[in-house]
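J.:
2 protein chains.
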Amino acid sequence: MKQVIVVNESLGLPCGKLAAQVAHASLGAFLQARYAEQSEWLASGMTKVVLAGASAEALLALQELAVAAELPEFLVQDAGRTVVAAGTVTCLGIGPAADQAVSAITGTLKLLT
Amino acid sequence: MKQVIVVNESLGLPCGKLAAQVAHASLGAFLQARYAEQSEWLASGMTKVVLAGASAEALLALQELAVAAELPEFLVQDAGRTVVAAGTVTCLGIGPAADQAVSAITGTLKLLT
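Those protein sequence lines, which keep their order, are chains C and D.
All letters in the first sequence, in the order written, are residues 304 to 416 by the numbering used here.
All letters in the second sequence, in the order written, are residues 304 to 416 by the numbering used here.
1. Alpha carbon to alpha carbon, how far is V309 (chain C) from G315 (chain D)? Give it in angstroms, no decimals.
2. Check the Cβ-Cβ distances between A323 (chain D) and every residue of chain C, and say whether any is below 8 angstroms.
3. Chain D beta carbons: is any one of them nearer than 8 angstroms to that of G319 (chain C)?
4. T416 (chain D) and Q324 (chain D) look like a contact to me (Cβ under 8 angstroms); what is the Cβ gap, rounded to whole Å?
5. Counting contacts by CB-CB distance shorter than 8 angstroms, is I308 (chain D) in contact with chain C?
6. Relative to the C-alpha of I408 (chain C), which candidate in C:A339, C:L368, C:E376 has its C-alpha closest?
7. Considering just the uninterrupted stretch of the alpha helix (DSSP H) at E340 (chain D), what are its terminal residues?
8. Taking 8 angstroms as the CB-CB cut-off, is S347 (chain D) touching chain C?
9. Could you tell me which residues DSSP puts in a beta bridge with K305 (chain D)?
10. Rounded to a whole number of angstroms, what is the C-alpha to C-alpha distance between F333 (chain C) and M349 (chain D)?
11. Give the residues of chain C in contact with V353 (chain D), contact being defined as C-beta atoms less than 7 angstroms apart.
12. Could you tell me which residues DSSP puts in a beta bridge with E376 (chain C)?
13. List the whole-angstrom C-beta distance separating Q306 (chain D) from K351 (chain D), where the pair is believed to meet the contact cut-off of C-beta under 8 angstroms.
14. With 8 angstroms as the threshold, decide whether the Cβ of T391 (chain C) is near any Cβ in chain D.
15. So, helix, strand or coil for V352 (chain D), using DSSP?
16. What residues from the stretch 356-372 of chain C come within 7 angstroms of chain D, judged by C-beta to C-beta, listed N to C?
17. Alpha carbons only, please: which of D:E340, D:L321, D:C318, D:A322 is nearest the one belonging to P375 (chain D)?
18. Do M304 (chain C) and A371 (chain C) have their C-beta atoms closer together than 8 angstroms?
19. At a Cβ cut of 7 angstroms, what residues of the stretch 328-345 of chain C count as close to chain D, listed as they run along the chain?
20. Throw me the rounded Cβ distance for the H327 (chain C) and V379 (chain C) pair, which I believe falls under 8 angstroms.
21. Looking at the structure shown, is L414 (chain D) part of a helix, part of a strand, or coil, going by DSSP?
Take a look at the structure:
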């Protein structure tokens, strides 16, 4: 079981702001998961992987794939109170779900450094 | 209602690694909260603030204060598979809880940039 959070790298968000958005996506996708998925993931150590996405469009395309695969997912659009404009797509959480199911969608993306 | 995540800034973690640790602390502290606190925070937009802490010792001291105040809290110690040594204290989540209760503990810390 794992959860992946894909970040819209094109925004170049500062590290603290980015971390808050990633946490938002992580919790949002977690809350979309079924109880069995939540429990299994929590028991196995809540593996989270943060990946780099190229753009808002790239994140939206990944979201469509996650929806089609019936995986829990959560897209974060910033409220725009601080760094970016309201409605800006900052990141996408997918999972917790089986490793293979998540990797089938995000397997070609690189780790965010 | 808000949740604060205090990062051990002395580690100088790369942004992606840091974001995963912050998400871990956020979810961990959320799961420690009572249902009423969880619900109220979710309904009010899941406000999260990421702050800079000076060291592992600083985070442990904040954790003691949070425990004494009976706030939900979760300390993240990295499993050590990637960037840092196993057991390294990377961040601390406090809340969701009332703004004032959290600020009484973390009010002097600066935003992580």
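We put the beta carbon where it would ideally sit given N, CA and C, even for glycine.
T.: This is what the structure holds:
1. Counting from one through the second sequence, the residue named residue 315 (chain D) turns up at place 12. Counting from one through the first sequence, the residue named residue 309 (chain C) turns up at place 6. The straight-line gap from Cα to Cα measures roughly 22 angstroms.
2. Within the second sequence, residue 323 (chain D) is the residue found at index 20, counting from 1. So yes, A323 (chain D) belongs to the interface.
3. Indexing the first sequence from 1 puts residue 319 (chain C) at position 16. Output row for G319 (chain C): interface = yes.
4. On the second sequence, position 113 is the one that residue 416 (chain D) refers to. On the second sequence, position 21 is the one that residue 324 (chain D) refers to. Rounded, the Cβ-Cβ distance is 17 angstroms, inconsistent with contact.
5. The count along the second sequence starts at 1 and reaches residue 308 (chain D) at position 5. I308 (chain D) counts as touching chain C.
6. Residue numbering aside, residue 408 (chain C) sits at position 105 when the first sequence is read from its first letter. Comparing Cα positions, the closest option is C:L368.
7. Sequence index remark: in the second sequence, residue 340 (chain D) carries index 37 (1-based). Where E340 (chain D) is concerned, the enclosing alpha helix (DSSP H) stretches over 338-346.
8. Within the second sequence, numbered from 1, the residue matching residue 347 (chain D) stands at position 44. It does not: the Cβ of S347 (chain D) has no partner Cβ on chain C nearer than 8 angstroms.
9. Numbered from its first residue, the second sequence carries residue 305 (chain D) at position 2. K305 (chain D) pairs with D:A400.
10. Numbered from its first residue, the first sequence carries residue 333 (chain C) at position 30. Numbered from its first residue, the second sequence carries residue 349 (chain D) at position 46. Each residue's Cα considered, the two are about 14 angstroms apart.
11. Along the second sequence, read from residue 1 onward, the residue named residue 353 (chain D) stands at position 50. Near V353 (chain D) (Cβ distances below 7 angstroms), the residues of chain C are G319, A322, A323.
12. Residue 376 (chain C) sits at position 73 when you count from the first residue of the first sequence. DSSP, once it has assigned bridges, lists C:I397 as partnering E376 (chain C).
13. Against the second sequence, residue 306 (chain D) aligns to sequence position 3. Against the second sequence, residue 351 (chain D) aligns to sequence position 48. Indeed, because the Cβ distance is near 5 angstroms, the residues count as touching under 8 angstroms.
14. Taking the first sequence and counting its residues from 1, the one referred to as residue 391 (chain C) is at position 88. Closer than 8 angstroms: no.
15. As a working mapping, residue 352 (chain D) is identified with position 49 in the second sequence. Strand.
16. none
17. Counting from 1 along the second sequence, the entry for residue 375 (chain D) is found at position 72. Comparing Cα-Cα distances from P375 (chain D) to each of D:E340, D:L321, D:C318, D:A322, the minimum goes to D:E340.
18. Start at 1 with the first residue of the first sequence, and residue 304 (chain C) comes out as number 1. Start at 1 with the first residue of the first sequence, and residue 371 (chain C) comes out as number 68. Result no, Cβ atoms of M304 (chain C) and A371 (chain C) do not sit closer than 8 angstroms.
19. S329, L330, F333
20. In the first sequence, counting from the first residue as 1, residue 327 (chain C) sits at position 24. In the first sequence, counting from the first residue as 1, residue 379 (chain C) sits at position 76. Correct: roughly 5 angstroms between the Cβ atoms.
21. Numbered from its first residue, the second sequence carries residue 414 (chain D) at position 111. Correct three-state label for L414 (chain D): strand.
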